[in-house]
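Chains as they are written, first to last, in the working numbering: chain A, 680 to 1021; chain B, 680 to 1021. Report on the structure given below.
In structure tokens, the structure reads:
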């Protein structure tokens, strides 16, 4: 079978199965693993608290297009998407490694701008970039790894959602995808709106502080929205063995997106790369979170019992099911660029 | 300027300079960094001892050729080269992440074999593979990251060599490069010899235990030989601000390589990928190391004061300088494949 037929998530399961056969669960370091393959970050217990590690890769012509790439944006985003995975665990990022595979004909000035932007964001979040690797390659592949730790004794996981909980999200959905459409030529009427969408797509701000506050207020289940609301909620449902029901009219869509993008519902459901935190909790907990956070916190649906093969259902204001346009980003199944830099 | 003009090590310096501008040395996590960019692995102080992290990437058509690749070998080697970096710090590897960028037309069976081989080696060295990332890409790029720790309070560094010390190496030099020549068609007279060279190139065994014993016996300076003896010794000289003198006739070259490869001196000096540990220490320390290790330990030269622009000098049995064929592997400067899998 080809990798493209199996798909990204099938491939992860296949690799996970291979690896699991060689583990020795009763011995360290396997014994100390709290969260292995399949969550936003790996987590293990150490004498120094819970340790976290995550990695994410940006591939030329899949995640970005060099003909239109701003290297500053690329440096920012390569680190930001990794920070977002630590945010989704409620953790503190601390150390980063950078592995760069790139063609020799690139300009060194571009790499300077890239490093500068990455280092600037790293400083903002108290992350020391301590090492990495450089290799020649026919096209650019950027891999960042972050090592962090939990603030207290808890972390946020994908596997702990329970039926009866509400589903909530920080910030807005669909702004990054709308920003991408705009950068590709779609006109946006007001200038300030355009700036907001550009920022949403090119300079997503990882929700590190927000993730830590979620834990502090009692939230246990979260994921960051990178592949799209439905796809990422699917990951929670799969690992928690639950279903989810989303109410379309409650999705927090920025007014600039509503006003300029007739397809705003699709952007909000499937757009991806918003790097907001999607979480589940009871109503009282969500009320506390709302008070503690500066950004909007919106309840968008409910966790239900695992009854349907379709894990995530979207309903309209009458409760009628809306057929979903598509499932979100999946590598090998989506042929076009995931994202774009101007 | 083009990246290819600056070269691999120039590019590392450029990135390092960018990043250093944004560090806050008196604050954590920067304050806790013991070894940053430029050594085999990064190291920092934690309440749980010294932590280590390293990453290494294998790029299709640079490090391997898929038309002739054995995926099992690739799985082994991708982890082994990272374990070797932890060995060169005298550390204990503990957790690994795997980032795979690959084309959808690959066979899933190949990825199974790859994962299996990697997991098998991981088990052998007590390493839990706890996460990673999958992305579609036009060609294969494999990045592995390892997080480990020191055994005691010391680690091996590149920056601590002193004039007057001897230079020593574990095992043999040039066997991996000879193995590559053999796999590309060069005939080797005896069958057992062929097996040894094949193994040296395709299944290098990381010197984890050896690194730990070096520390225990008092060694402080080491590097693993990945780019080639001269190139890697150059790294020690640069960071330690010393020169080095190597005695050609003392290089440990396996008799199969001597017997079958007229260019064996070049293979030993510049071949690379032997993943032996090159270290410096006084004679008494090296004598203790020799007693404690199972593998050969050979004194090959001396650390001298930093007087010459050419950091590493090779001399013959009369003490006359031998002109060096080339400096070892450097990305962007070497056009051909670094390695090959049959």
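Note that CB positions come from ideal geometry on N, CA and C, so glycine has one too. These figures come from a predicted structure and were not determined experimentally.
Kindly indicate which residue of the options has the alpha-carbon position closest to the one of residue i.
i, options, result
"residue 852/B", "974/B, 699/B, 985/B", "974/B"
"residue 969/B", "907/B, 806/B, 850/B", "850/B"
"residue 903/B", "924/B, 982/B, 848/B", "848/B"
"residue 854/B", "909/B, 894/B, 883/B", "883/B"
"residue 911/A", "838/A, 732/A, 739/A, 706/A", "838/A"
"residue 931/B", "846/B, 873/B, 919/B", "846/B"
"residue 879/B", "905/B, 899/B, 919/B, 888/B", "905/B"
"residue 804/A", "933/A, 773/A, 722/A", "773/A"
"residue 919/A", "990/A, 823/A, 796/A, 939/A", "990/A"
"residue 984/A", "941/A, 940/A, 916/A, 771/A", "916/A"
"residue 955/B", "988/B, 938/B, 888/B, 981/B", "888/B"
"residue 732/A", "775/B, 982/B, 737/B", "775/B"
"residue 783/A", "835/B, 982/B, 741/B, 961/B", "741/B"
"residue 756/A", "797/A, 824/A, 992/A, 730/A", "797/A"
"residue 961/A", "856/A, 705/A, 982/A, 941/A", "982/A"
"residue 940/B", "823/B, 750/B, 779/B, 856/B", "856/B"
How many Å lie between residue i and residue j at the Cα?
i, j, result
"residue 793/B", "residue 963/B", "43 Å"
"residue 702/A", "residue 897/A", "32 Å"
"residue 986/A", "residue 921/A", "8 Å"
"residue 914/A", "residue 753/A", "27 Å"
"residue 694/A", "residue 894/B", "36 Å"
"residue 958/B", "residue 768/A", "41 Å"
"residue 936/B", "residue 908/B", "16 Å"
"residue 716/B", "residue 777/A", "10 Å"
"residue 727/B", "residue 746/A", "46 Å"
"residue 1003/B", "residue 929/B", "16 Å"
"residue 821/A", "residue 821/B", "11 Å"
"residue 1015/B", "residue 934/A", "Annotation note: pLDDT 44 at residue 1015/B (below 50); position unreliable, coordinate value reported separately. Near 54 Å, if we compare the C-alpha coordinates of residue 934/A and residue 1015/B."
"residue 712/A", "residue 872/B", "42 Å"
"residue 876/B", "residue 765/A", "44 Å"
"residue 965/B", "residue 972/A", "60 Å"
"residue 799/A", "residue 863/A", "27 Å"
"residue 723/B", "residue 994/A", "51 Å"
"residue 979/B", "residue 841/B", "16 Å"
"residue 692/A", "residue 809/B", "13 Å"
"residue 763/B", "residue 734/A", "21 Å"
Which residues of chain B have a Cβ atom closer than 8 Å to the Cβ of residue i, listed in chain order?
i, result
"residue 802/A", "701, 702, 703"
"residue 945/A", "Within chain B, no residue comes near residue 945/A; the closest Cβ sits about 22 Å away, beyond 8 Å."
"residue 681/A", "783, 784, 785, 786, 787"
"residue 755/A", "Residues of chain B passing the Cβ test: none, with the nearest at roughly 13 Å."
Under a Cβ-count criterion, where at least 16 other Cβ atoms within 10 Å of its own Cβ denotes burial, should residue i be classed as buried or exposed?
i, result
"residue 1000/A", "exposed"
"residue 708/A", "buried"
"residue 681/A", "exposed"
"residue 719/A", "buried"
"residue 998/A", "exposed"
"residue 1028/A", "Limits of chain A in this structure are 680 at one end and 1021 at the other, which puts residue 1028/A out of reach."
"residue 860/A", "buried"
"residue 885/B", "buried"
"residue 844/A", "buried"
"residue 698/B", "buried"
"residue 899/A", "buried"
Along chain B, in chain order, which residues have C-beta atoms closer than 9 Å to that of residue i?
i, result
"residue 752/A", "Simply none; closest approach about 16 Å."
"residue 727/A", "725, 726, 727, 728, 730"
"residue 712/A", "774, 807, 809"
Find the residues of chain B that neighbour residue i, judging by a C-beta separation of less than 7 Å, and give them in chain order.
i, result
"residue 808/A", "698"
"residue 887/A", "In chain order: nothing, as chain B lies at least about 14 Å away."
"residue 904/A", "Correct list: empty, because the minimum Cβ distance to chain B is about 17 Å."
"residue 1002/A", "Correct list: empty, because the minimum Cβ distance to chain B is about 27 Å."
Would you mind telling me which residues of chain A sit closer than 8 Å to residue i, beta carbon to beta carbon, in chain order?
i, result
"residue 992/B", "Simply none; closest approach about 27 Å."
"residue 1022/B", "Here chain B has residues from 680 to 1021 only, and residue 1022/B is not among them."
In chain A, which residues lie with their C-beta within 7 Å of the C-beta of residue i?
i, result
"residue 799/B", "701"
"residue 839/B", "Correct list: empty, because the minimum Cβ distance to chain A is about 18 Å."
"residue 691/B", "813"
"residue 685/B", "787"
"residue 824/B", "734, 776, 824"
Any heavy atom of the ligand ATP closer than 6 Å to the Cβ of residue i?
i, result
"residue 773/A", "The ligand ATP is not part of the structure shown, which contains no ligands of any sort."
List the residues of chain A that residue i touches, going by C-beta distances under 9 Å, in chain order.
i, result
"residue 715/B", "807, 808, 809, 810"
"residue 741/B", "780, 814, 815, 816, 817"
Are there three or more Cβ pairs, one per stretch, closer than 8 Å when the segment 682 to 700 of chain A is compared with the segment 808 to 824 of chain B?
yes
Does the segment 919 to 930 of chain B come close enough to the segment 781 to 790 of chain B to have 3 or more Cβ pairs within less than 8 Å?
no
Using a Cβ cut-off of 7 Å, which residues of the segment 769 to 795 of chain B contact any Cβ in chain D, in chain order?
As a matter of chain content, chain D is missing from the structure shown, whose protein chains are A and B.
Taking 8 Å as the cut-off, does the segment 827 to 845 of chain A touch the segment 853 to 868 of chain A (at least 3 CB pairs, one atom from each stretch)?
no
contact_flag[the segment 885 to 894 of chain A, the segment 941 to 950 of chain A] where n(CB pairs < 8 Å) is 3 or more:
no
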